[in-house]
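Engineer:
Residue numbers (the working numbering): 610 to 738.
1) Since residue 644 and residue 732 are thought to touch, with beta carbons under 8 Å apart, how far apart are those beta carbons, to the nearest angstrom?
2) With the cut-off set at 8 Å, would you say residue 690 and residue 629 are in Cβ contact?
3) Unbroken alpha helix (DSSP H) runs of length 4 or more, entirely within the segment 625–708: which are they?
4) If you reduce the DSSP assignment to three classes, tell me which class residue 736 lands in.
5) Where does residue 762 fall in DSSP's three states?
6) Near residue 679, what residues of its chain come up, given a Cβ to Cβ distance below 8 Å and the 5 sequence neighbours on each side ignored?
7) Going by Cα to Cα distance, which pick from 708, 668, 734, 682 is closest to residue 624?
8) Can residue 705 be considered in contact with the ligand ATP, in the sense that its beta carbon sits closer than 7 Å to one or more heavy atoms?
9) Flag residue 732 as yes if its beta-carbon sits less than 8 Å from any beta-carbon of chain D, otherwise no.
10) Tell me whether residue 632 is buried or exposed, calling it buried when 16 or more other Cβ atoms sit within 10 Å of its Cβ.
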């Protein structure tokens with residue numbers, strides 16, 4: 610306890626951080642496969658990560674974006690990650706409150722695993738020919 614406040618622990622915040630890290634790692638892996646391990650994949654990934662962080666509302670509220678960017682933010686799982694992370698860090702809420710957001714994140718992860726697997730198989734086929 611510091612000056613009357615206590616530091617809590619939230620399994621929801623940990624779950625969101627782990628799932629978000631997995632989501633972003635799968636995007637990176639897929640991009641590297643797509644660019645066939647070339648050097649410019651790194652530059653593209655840096656731009657993509659910057660865009661995802663910007664559009665997710667981590668640093669600037671999405672409500673202040675123009676309507677077109679607000680709609681675009683709703684299409685990215687990082688937006689839902691930031692909403693859940695903010696809720697779990699600042700309030701004592703149940704994970705059950707965000708089951709729909711968790712499902713969006715999990716379905717995106719499953720889709721990215723499938724896409725990465727297909728890209729990996731293509732890379733192996735391209736390398737063999």
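We put the beta carbon where it would ideally sit given N, CA and C, even for glycine.
Structural biologist: Let me spell this out:
1) Counting from one through the chain shown, the residue named residue 644 turns up at place 35. Counting from one through the chain shown, the residue named residue 732 turns up at place 123. About 10 Å; that fails the 8 Å criterion.
2) The residue given as residue 690 occupies position 81 in the chain shown. The residue given as residue 629 occupies position 20 in the chain shown. Taking 8 Å as the Cβ cut-off, residue 690 and residue 629 qualify as a contacting pair.
3) 649–665, 676–682, 686–699
4) Indexing the chain shown from 1 puts residue 736 at position 127. Residue 736 falls in the helix class under three-state DSSP.
5) Residue 762 cannot be examined here, being either before or after the span of the chain that is shown, 610 to 738.
6) Taking the chain shown and counting its residues from 1, one reaches residue 679 at position 70. Cβ within range, chain order: 671, 672.
7) Position 15 of the chain shown, counting from 1, holds the residue named residue 624. Ranking the options by Cα distance to residue 624, first place goes to 708.
8) The ligand ATP is not part of the structure shown, which contains no ligands of any sort.
9) This model lacks chain D altogether, as it is built from one protein chain only.
10) Within the chain shown, the letter at position 23 stands for residue 632. Classification for residue 632: buried.
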